[in-house]
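Going by this note's numbering, the residue at position 42 of the sequence shown is 46; the numbering climbs one at a time, nothing skipped.
Cβ atoms here follow ideal geometry from the backbone N, Cα and C, with glycine treated the same way.
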Amino acid sequence: MSDQPHRILVVEDEEHLAAGLKLNLELEGYEVDLAGTAREAGERLLLTDRYALIVLDVMLPDRSGFELCKKLRDAGNYTPVIMLTARGAAQDRVEGLESGADDYVVKPFELDELLARVGSILRRQAWAQNGGVAPQLTAFGRARVAFDAHEVTVDGRRVELTRLELDLLRYFVANPGRVIGRDELLEKVWKLRSHSSRTIDNFISRLRRHFEDDPTQPRHFLSVRGAGYKFMP
Ligand code: CA
């Protein structure tokens with residue numbers, strides 16, 4: 005990694021909020037561009053692939069943040085996305101993660117929380133780019149994973165994983181056969197201590213849907229009652 009500051013794209017149509025985010029992210033040492041519409045965000049993303057992260061509001065004037073995120077992922081753009089979702093809308097959080105977002109923050113949010121999430125994702129990304137401790141290429145069951153290329157296939161069929169799903173998979177692959185607690189996953193993969201362990205369970209379910217023949221009878225991503233999870237290649 006170079007010493008260049010991370011460049012972040014903030015996609016938010018509420019000008020006061022956008023300006024406040026820009027200022028505070030810049031105070032943290034990031035470079036920040038703003039986009040007020042999904043269209044403008046799309047144009048910026050076409051111009052440069054230098055964004056380390058995107059902060060993406062769900063409610064935009066021209067299309068939803070979900071649609072934009074999904075479009076990015078479909079186009080092979082895996083830049084980490086933190087979604088700004090509406091208060092109390094549990095459905096939004098699920099939809100956000102399913103559209104390929106890496107994390108979400110519920111509006112109105114504490115600035116400190118958002119900055120912590122941004123820092124967490126960027127640290128995790130640096131860790132992943134430095135190779136973590138997993139091999140770059142691995143196979144288990146009928147899956148093949150090229151971590152560097154972000155290419156995952158099951159039976160030769162391409163499987164789309166989000167950055168966070170890939171990081172979680174990388175951690176499991178680096179620790180085969182070992183019981184791994186939720187706290188450890190939070191600390192090592194999420195780089196957080198405050199997240200709900202329910203989040204981890206949701207991600208495990210997603211890995212099972214991707215990789216298990218029968219997600220209700222997992223053979224690779226095993227639950228260990230009262231202890232956490234275990235990956236069996
Ligand atoms: Ca908005």
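Per-residue burial, residue i [other beta carbons within 10 Å of its own, 16 or more giving buried]
i      : result
Arg9   : The amino acid occupying residue 9 in the given sequence is Pro; Arg does not appear at that position. Result: exposed.
Leu50  : exposed
Pro65  : exposed
Pro112 : exposed
Leu27  : exposed
Leu115 : exposed
Gly33  : exposed
Val193 : buried
Check whether residue i and residue j have beta carbons under 8 Å apart
i      : j      : result
Ile204 : Phe225 : no
Leu88  : Leu60  : yes
Ala297 : Val15  : Because the chain spans 5 through 237 in this model, residue 297 falls outside it and cannot be assessed.
Val109 : Arg121 : yes
Phe70  : Ser103 : yes
Asp106 : Arg162 : no
Leu72  : Ala42  : yes
Cα-Cα separation between residue i and residue j, rounded to whole angstroms
i      : j      : result
Met236 : Gly80  : 29 Å
Glu191 : Ser124 : 10 Å
Leu13  : Asp53  : 11 Å
Leu119 : Arg182 : 32 Å
Ile184 : Arg229 : 11 Å
Glu155 : Glu164 : 8 Å
Asp78  : Leu189 : 28 Å
Leu170 : Leu101 : 14 Å
Glu35  : Ala147 : 38 Å
Gly135 : Ala178 : Bear in mind that the predicted position of Gly135 carries a pLDDT of just 49, short of 50, making it unreliable; the figure below should be weighed with that in mind. Between Gly135 and Ala178, the C-alpha separation is close to 11 Å.
Arg67  : Pro180 : 42 Å
Leu173 : Arg210 : 11 Å
Sequence-distant residues of the same chain with beta carbon closer than 6 Å to residue i, five excluded per side
i      : result
Lys195 : Ser124, Arg127, Arg128
Pro222 : Arg212, Glu216
Leu141 : Ala150
Ile58  : Leu13, Thr83, Val85
Pro219 : Arg212, Arg213
Phe176 : Phe235
Leu25  : Val14
Residue(s) in a DSSP beta bridge with residue i
i      : result
Asp251 : Past the edges of the chain, shown from 5 to 237, lies residue 251, and the structure says nothing about it.
Thr142 : Val149
Lys234 : Val183, Leu226
Thr89  : Val110
Arg161 : Val158
Asp53  : None; Asp53 has no bridge partner.
Residues near residue i by beta carbon distance below 7 Å, same chain, minus five either side
i      : result
Glu18  : none
Asp227 : Sequence check: residue 227 is Ser here, not Asp. Excluding positions up to five away in sequence, the list reads Tyr233.
Asp96  : Val62, Thr89, Ala90
Arg48  : Leu13, Asp37, Ala39
Worksheet item: Any residues whose CB sits closer than 5 Å to a heavy atom of ligand 2? List them in chain order?
Response: Because ligand 2 does not appear in the structure shown, any question about it cannot be addressed here, the ligands present being ligand 1.
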